Structure formats: structure tokens, C-alpha cells
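Asks:
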Amino acid sequence: MLVHTIDEVREQVRNWKKQGLTVGLVPTMGALHAGHKSLIDKSVSKCDKTVVSVFVNPIQFCPGEDLDKYPRTLDADEKLCTDAGVDLVFAPNPKEMYGDVNIMSNDFLTYVIPPFFYVNKLCGKSRVGHFDGVCTVVNKLFNIVQPDFAFFGEKDRQQLIILKKMVKDLNIPVEIIPCPIVREDSGLALSSRNKYLSPEDKVNALALSKILFNIKACYNKGITDVEALTETAYSYLTERHSLEYLEFRDADDLEEKTVADDNTIVFIALKIGDVRLIDNIAL
Ligand code: AMP
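285 is the number that the numbering used here gives the last residue of the sequence shown; the numbers go up by one with no jumps.
#1: If we count the other Cβ atoms within 10 Å of its Cβ and call it buried at 16 or more, is Gly-126 buried or exposed?
#2: In terms of DSSP beta bridges, what is Glu-249 paired with?
#3: Excluding the 5 residues flanking Tyr-72 on each side, which residues of the same chain have their C-beta closer than 6 angstroms to its C-beta?
#4: By Cβ distance, which residues of its chain are closer than 7 angstroms to Ile-105, with the 5 residues on each side in sequence left out?
#5: Ignoring anything shorter than 4 residues, give me the alpha helix (DSSP H) runs that lie fully in the stretch 26-65, in order along the chain.
#6: Would you give the residue range spanned by the alpha helix (DSSP H) that Val-228 belongs to?
#7: Check whether the Cβ of Asp-158 lies closer than 8 angstroms to any heavy atom of the ligand AMP, and answer yes or no.
#8: What distance in whole Å lies between the Cβ atoms of Thr-7 and Glu-98, which are believed to be in contact at a cut-off of 8 angstroms?
#9: Can the beta-carbon of Leu-210 be found closer than 9 angstroms to that of Ile-280?
#10: Would you say the beta carbon of Arg-185 comes nearer than 8 angstroms to a heavy atom of the ligand AMP?
#11: Using three-state DSSP, classify Asn-222 as helix, strand or coil.
Written out as C-alpha cells, the structure reads:
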């Protein structure tokens with residue numbers, strides 16, 4: 003069932019809770035693909051009822067980003083959800099979520115601000131305010147749906163770590179379930195933004211996963227020095243690639259590593275033309 007209002011969600015969830023049923027939430031921005039579907043499948047198998055939210059959240063986009071051209075495919079998304087056994091698709095518009103306040107100004111909305119140490123690095127460095135927008139909307143979705151479990155992809159690993167921290171720090175009664183990255187056979191991590199890539203740049207985009215897989219192979223052979231592991235990346239980069247970051251950080255608190263260990267995540271972001279892609283791998 004597709005609904006657009008908070009009241010409809012609340013009424014449905016109230017009925018389920020009265021019957022003692024567990025509720026899983028899968029927050030998305032739509033343009034659903036097999037990566038999203040893996041989260042949905044996990045929720046459907048773990049929970050009695052599954053809610054998928056489809057909302058392109060304006061407050062997590064920075065000025066100059068792709069808010070207006072972000073792919074919106076609600077009919078196809080609804081079909082994918084129905085076929086996958088989802089019980090409720092919640093697709094609000096910005097006014098339903100934020101009311102009449104001017105959301106492009108920070109002056110009129112209560113925000114959830116994650117700790118500076120978690121956001122002053124990786125994607126948070128170039129996307130200033132992005133994680134404030136993410137935490138705020140996810141908090142709102144938690145309050146609206148009141149799920150027992152919420153499913154997030156390791157594809158957005160910094161987001162996942164920040165949301166876990168938010169849930170812990172604010173004592174939110176939900177269990178976050180991390181879900182592995184789904185990749186094409188080529189190694190490219192699925193992303194709604196892959197739609198922006200030309201066939202040629204899709205080939206160029208393989209640099210991300212190749213770099214990560216190669217670093218993991220070197221680590222498995224016993225190389226732990228981060229400088230040496232970083233060096234291995236450069237042979238995959240061409241003039242089509244603009245590397246934003248390649249960093250080794252702790253899986254729990256994002257502390258920087260100079261020596262890699264089994265609790266290290268390698269994070270990469272690079273731009274191909276105008277398209278910014280991210281990926282990561284656990285060592
Ligand atoms: P988005 O619609 O991009 O905001 O993503 C919604 C959720 O799907 C987030 O928790 C993402 O981490 C997750 N997700 C997106 N792509 C993938 C993927 N390739 N594998 C696993 N999870 C993914």
C-alpha cells in the first residue's frame with residue numbers, strides 16, 4: 003500500500019503494534035535498485051511488517067548538488083516494493099515532512115546534529131551539513147514509524163556509523179541492522195547515481211572497486227602500512243578521475259589509521275566528470 007501522509011502511517015503502525023507485530027523500516031530516496039532490495043528482503047524476512055520510505059530529502063543536499071535532477075521513479079519503486087512483500091510504502095512530499103517552514107534556511111527547523119568528530123571527515127568534509135540533514139530526517143522517520151528495526155546499507159558506511167551513534171546517544175528504541183554492499187558483477191557498487199554515468203564512464207567507475215579490492219588483497223598478503231597500501235591505488239587512476247579521498251579509518255569511531263588492522267575500513271570518493279561516487283571495504 004502506498005501512502006503519502008504521516009497520519010496514514012501512524013494509523014497503520016498503531017494497528018500492527020496492537021497485534022504485537024514487529025515493524026522494520028527501510029529508509030530510501032527511491033530510484034530503487036537491487037541494493038535497496040537487499041535491505042527490503044532482509045526486513046521482510048526479519049520483521050512481521052515492513053515499511054519503505056521513499057523521500058528525496060532536500061535538507062541533506064548541499065547547494066549546487068543534484069537535488070532537482072535526482073532520479074524520481076515512484077511507480078517503479080512501488081512495484082518493486084509490492085513484489086518484494088513490503089506492507090507500506092511511505093512517500094511524503096517535503097511539505098508533509100517539514101510543514102511550511104523555509105527548509106533551505108537553517109533558521110526555522112529543529113535539527114539533529116551529529117558529533118563534529120564524525121562529520122569533519124570523508125563525505126562530511128565536502129558535503130557540509132549533509133549529515134545534519136540525514137540525522138534529522140532519519141530521526142523524524144523513526145518518530146513517525148516507530149520501527150523495531152531499521153535497515154541501512156554499508157554502501158554509505160559513514161552514514162551508518164553516524165546513525166548508530168545517534169541511536170546510542172539519544173537512546174532511540176530501534177535496532178540498526180547493517181546490510182552488505184550489493185555490487186554489479188563488474189565490482190561497481192550499485193547506486194541510484196550510477197544512472198548519471200555514460201557507458202564509458204561506467205567503465206571508468208570500476209576504478210573505485212578495483213582500488214579497494216587491490217588494497218584488500220595486499221592487506222591479506224601482510225601489508226599493513228597505510229602509506230604503502232595507498233600507493234597501490236594510483237595505477238588505477240586516469241585523467242578522467244578526480245580523487246576526493248582515499249582514507250583508512252576505524253570501523254567504529256572513524257579514527258584515522260596509519261597501520262591497517264582487521265577493524266579498518268578503506269573509504270574512497272572520486273568524481274568522474276560531474277558524478278561523485280563513493281565506495282568502501284572492510285579489511
Ligand atoms: P539511498 O536511497 O541512496 O539513500 O539509499 C537508501 C539505503 O540503501 C541506504 O541505507 C543505502 O546505504 C542503501 N544502499 C544503497 N545502495 C546500496 C548498495 N549498493 N548495497 C547496499 N545498500 C545500498
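From the three backbone atoms N, C-alpha and C, an ideal C-beta is built for every residue, glycine too.
Source: prediction; values computed, not measured.
Replies: Checking against the coordinates, here is how it stands:
#1: Locating residue 126 in the sequence shown gives position 124, where the first residue counts as 1. The residue in question, Gly-126, is buried, as its Cβ has 16 or more Cβ neighbours within 10 Å.
#2: Numbered from 1 along the sequence shown, position 247 holds the residue referred to as residue 249. Glu-249 is bridged by DSSP to Phe-269.
#3: Counting from 1 along the sequence shown, the entry for residue 72 is found at position 70. Taking C-beta separations shorter than 6 angstroms and ignoring five residues to either side along the sequence, the partners of Tyr-72 in its chain run Val-58, following chain order.
#4: On the sequence shown, position 103 is the one that residue 105 refers to. Cβ neighbours of Ile-105 within its own chain (closer than 7 angstroms, five residues either side excluded): Pro-60, Ile-61, Pro-96 and Leu-111.
#5: Listed in chain order, the complete alpha helix (DSSP H) runs (minimum 4 residues) inside the stretch 26-65 are 36-48.
#6: Within the sequence shown, numbered from 1, the residue matching residue 228 stands at position 226. Start and end: 228-233.
#7: Here the question's residue 158 lines up with position 156 in the sequence shown. Indeed, a heavy atom of the ligand AMP lies less than 8 angstroms from the Cβ.
#8: Here residue 98 is taken as the residue at index 96 of the sequence shown, counted from 1. Here residue 7 is taken as the residue at index 5 of the sequence shown, counted from 1. Confirmed, about 6 angstroms.
#9: Taking the sequence shown and counting its residues from 1, one reaches residue 210 at position 208. Taking the sequence shown and counting its residues from 1, one reaches residue 280 at position 278. Closer than 9 angstroms, so yes.
#10: Stepping through the sequence shown from its first residue, residue 185 is reached at position 183. At least one heavy atom of the ligand AMP is found less than 8 angstroms from the C-beta of Arg-185.
#11: Indexing the sequence shown from 1 puts residue 222 at position 220. Assigned with DSSP and collapsed to three states, Asn-222 falls in helix.
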